[in-house]
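Reminder that position 343 of the first sequence reads as 428 in my numbering, one-by-one numbering, no gaps.
Don't be surprised by glycine CBs; every beta carbon is placed ideally from N, CA and C.
First the structure, in the form of structure tokens, and then the observations on it.
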Amino acid sequence: MKDQIEKLIGGALKTLDIEESNFSIEHPEDFKNGDYSTNVAMVCAKSLKTNPRELAEKIKVELEKNLPKEISKVETAGPGFINFYLSREFFTDNVAEILNKKSDWGKNEILKGKKIMVEYTDPNPFKPFHIGHLMTNAIGESLSRVVEFSNAETVRANYQGDVGPHVAKAIYGIMKKGMPEENMKVSEKAHYIGVCYTEGSNLYDTDENIKKEIEVINKKVYDKTDEEINKIYDWGREVTLEAFEEIYKLLGTKFSDGCYFFESAMAPIGEKIVRENTAGAEGNRSTGKVFSESDGAIVFHGEEYDKKLHTRVFINSQGLPTYETKEIGLTVTKFEKENPDLSIVVTATEQAEYMKVVSKAISLIHPDYESRMKHITHGMMRFADGKMSSRKGNVITGESLLRDSMDMVLEKMKEREMEDGEKEKISEVVGVSALKYSILKSSLGSDIIYDREKSVSFEGDSGPYLQYTAVRANSILNKAKDFNTDDKKEIPGEITDLEKYLYQLGEVVEHSYEKLEPHHVATYLTKLASEFNAFYGNTQILKDDNKFAKYHLDLIKAFYQTMQNGLWLLGIEIPERM
RNA sequence: GCUCUCGUAGCUCAAUGGAUAGAGCUCACCGCUUCUAUCGGUAAGGUUGGGGGUUCGAGUCCCUCCGAGAGCACCA
86 MKDQIEKLIG GALKTLDIEE SNFSIEHPED FKNGDYSTNV AMVCAKSLKT
136 NPRELAEKIK VELEKNLPKE ISKVETAGPG FINFYLSREF FTDNVAEILN
186 KKSDWGKNEI LKGKKIMVEY TDPNPFKPFH IGHLMTNAIG ESLSRVVEFS
236 NAETVRANYQ GDVGPHVAKA IYGIMKKGMP EENMKVSEKA HYIGVCYTEG
286 SNLYDTDENI KKEIEVINKK VYDKTDEEIN KIYDWGREVT LEAFEEIYKL
336 LGTKFSDGCY FFESAMAPIG EKIVRENTAG AEGNRSTGKV FSESDGAIVF
386 HGEEYDKKLH TRVFINSQGL PTYETKEIGL TVTKFEKENP DLSIVVTATE
436 QAEYMKVVSK AISLIHPDYE SRMKHITHGM MRFADGKMSS RKGNVITGES
486 LLRDSMDMVL EKMKEREMED GEKEKISEVV GVSALKYSIL KSSLGSDIIY
536 DREKSVSFEG DSGPYLQYTA VRANSILNKA KDFNTDDKKE IPGEITDLEK
586 YLYQLGEVVE HSYEKLEPHH VATYLTKLAS EFNAFYGNTQ ILKDDNKFAK
636 YHLDLIKAFY QTMQNGLWLL GIEIPERM
């Protein structure tokens, strides 16, 4: 529709012999100003040195000469806006279109034929799945789905640190505390490893002798010379990775085959690239090489290319590759393996500056990657009540936060009469939704304040609220199965605000991709749900004297479909009941 | 010190350079023999951190100051 209006305006400008400039078409805040609005007259008035209102009037007259059936009227208003009002026919057709397209409703083709890779979550084996991983996952999964909805081939990647000091600390802890019981659940074993890691880590910081022991273990993890350590390593890696998979399943993420990348594999690849691109000693960097030696280490002087960048170490003075080098190995591997048109990496904001330097270094080696890499960062999660512990009193992890959320939903539903199994199932879906929505409702960039109570509240501005609204809609549809609408097929003349939002899903998805911000979808759905609730409150649908019942039911179906597709974009499912 | 991100109602957040800056929570009031009232409506709440500038038009762009968070060489 937007494109159609754009063409219409283009045509009008042509007949008026006005040079086309960069005008915009948008939805006015207030529907009394139409469904679409353009600033074309104000933009063009300047160069023509005319009054924008007069120009708007002229363009309007021109536009009215060939209005399509979807537009009922055009008006000029305010400082020179031209407002378009969509017709009853447009909205009625739109409802039919939604019912027809079903799960494809809201998709666009802006990325057709493109391949987009999204890397997110990135937890480390031997360490707990943190709140940060939960955030990155929610954001990355949603972005992946937005990309998928824009018709791109979507590849989901995960990058995990399976070597390094944290592994040695955990192994030391396991050796000290002993192996857990065989019959423990995977998640419990993973939790046990997390405890061992914490203990090892504390001892590393406080005891010099233990620190040395852990460093020895670290070397042995690399060179694989110690049978006992190898055994613990293989076991621990497998257990934690398996536990992560359980969490992904709960969260609704499925990473692409062959797209689990590990630091252990990326290190040698990166190291080779770095060494090949390293010049001689400091002061002799005329060879055009990217890296150079400095104090025994191999570094990249970012500030030589851009004063906003800084120097970073890629291979330390002991000859070991740092995280930077592994990142190079990862990036090159991704491009060589999948050759994406765009490679998006989602991490916390603390990696922003570091990533700029690494990206610059990669761009110097592979100039064709430069415009195809994008780093998205998000803030930290803070707690409204300031508490950093879970309900059970432990240090809070991503998993415990998720469990807390589910437990709270279960508590809220204790009055509902359902079979036991069903309640648990619903509380999972709703608990995930509570967390995801809290993360995805605000723009990326600054920290989010997580309010446990509000997030699981079924009232306004929450995931459960959106689910509840959809469930109510579904409930009408179920009841309507034995409701005869044969003599209730009239179409109302009046256009509800619900209909005025319903058709916008596709535009919201496009906008969300252009900005790479999932919260636009969340904001839209909340507005849409609130319009539905207003409609629901004002209209009794399953009533014998409702001559619009057929259309109303179609409208509700269309609403439900839009919610389903929109919530899918956020990674949220709708339960049958709640 | 330098770089990045951010600063909007009491709180948590929206607002592709557009019209009277919007929601939710909280507080007060109103509406269920009804398709799930865990809903809807009304009211209240603002010098968009301060000051300049660009623009027909600035919460949004530029400069400057203040404040918060993150980062700045051998950790990831």
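Within the same chain, show all residues whose beta-carbon is closer than 7 Å to that of residue i, passing over the 5 residues directly before and after it, in chain order.
i      : result
Lys254 : Tyr282, Gly285, Ser286, Tyr289 and Ile299
Ile524 : Met220, Ala223, Ile224 and Ile533
Ser172 : Lys154, Glu155, Ile156 and Ser157
Val375 : Asn362, Phe385, Ala446, Leu449 and Ile450
Tyr550 : Phe543, Glu544 and Ala614
Val593 : His605, Val606 and Tyr609
Between which residues of its own chain and residue i is the CB-CB distance below 6 Å, once the five residues before and five after are set aside?
i      : result
Asn168 : Asn118, Gly119, Ser122, Glu160 and Ala162
Lys261 : none
Gly368 : Legend: pLDDT at Gly368 = 45, less than 50; position of this residue unreliable, value from coordinates given subsequently. The answer is none, since no qualifying residue turns up.
Glu226 : Thr338 and Gly656
His460 : Val430 and Met440
Leu613 : Tyr586
Glu658 : Val514
Got a sec, what are the start and stop residues for the alpha helix (DSSP H) residue i sits in?
i      : result
Arg230 : Ile216 to Phe234
Lys521 : Asp505 to Leu525
Leu655 : Ala634 to Leu655
Phe543 : That residue, Phe543, is in no alpha helix (DSSP H); it is neither H nor E in DSSP.
Tyr550 : Gly548 to Lys564
Asn151 : From DSSP, Asn151 is part of no alpha helix (DSSP H); its letter is neither H nor E.
Phe420 : Tyr408 to Glu423
Thr338 : Neither: Thr338 is in no alpha helix (DSSP H) and is coded neither H nor E.
Give the range of the beta strand (DSSP E) segment to which residue i is assigned.
i      : result
Lys570 : One detail in the question is off: residue 570 reads as Thr in this sequence, not Lys. Element bounds for Thr570: n/a, residue is neither H nor E.
Thr396 : Thr396 to Ile400
Glu238 : Glu238 to Gln245
Lys200 : Lys200 to Glu204
Thr432 : Leu427 to Ala433
Phe346 : Tyr345 to Phe347
Below 7 Å between beta carbons: does that hold for residue i and residue j?
i      : j      : result
Val240 : Cys344 : yes
Ala242 : Ile201 : no
Ala555 : Tyr621 : no
Leu415 : Met503 : no
Ala528 : Glu602 : Checking the sequence shown, residue 528 turns out to be Ser, not Ala. Contact flag set, yes.
Thr462 : Ala446 : no
Glu348 : Gly246 : yes
Ile256 : Ile317 : yes
Ile576 : Tyr535 : no
Thr399 : Thr410 : Inspection of the sequence shows that residue 399 is occupied by Phe rather than by Thr. Going by C-beta atoms, Phe399 is nearer than 7 Å to Thr410.
Lys573 : Lys632 : yes
Glu584 : Phe108 : no
Asp189 : Tyr244 : no
Ala328 : Ala275 : yes
Gly191 : Leu590 : yes
His395 : Gly404 : no
Could you name the residues of the same chain whose beta carbon sits closer than 8 Å to that of residue i, not counting the 5 residues immediately before and after it, in chain order?
i      : result
Glu114 : none
Gly217 : Ala433, Met465, Met466 and Gly483
His251 : Asn209, Phe211, Lys212, Tyr282 and Ser286
Looking at the strands, I want to know which residues DSSP matches up with residue i.
i      : result
Ala162 : Phe166
Arg467 : Ile534
Glu378 : Ile383
Glu111 : Ser122
Phe329 : Partner(s): none; Phe329 has no beta bridge.
Thr363 : Phe376
Lys459 : Ile429
Ile480 : Looking at the sequence shown, residue 480 is not Ile but Val. The partner list for Val480 (beta bridge, DSSP) reads Ser474.
With a 10 Å radius around its C-beta and 16 neighbouring C-beta atoms as the bar for buried, classify residue i as buried or exposed.
i      : result
Leu520 : buried
Ser371 : For Ser371, the pLDDT reaches just 49, beneath the cut-off of 50, and the residue's location in the model is therefore unreliable, leaving the point undetermined.
Lys74  : Look at the range of the chain in this structure, 86 to 663, and you will see that residue 74 is not part of it.
Arg501 : exposed
Ala97  : buried
Arg662 : exposed
Met491 : buried
Ala469 : exposed
Val232 : buried
Pro137 : buried
Asp489 : buried
Met269 : exposed
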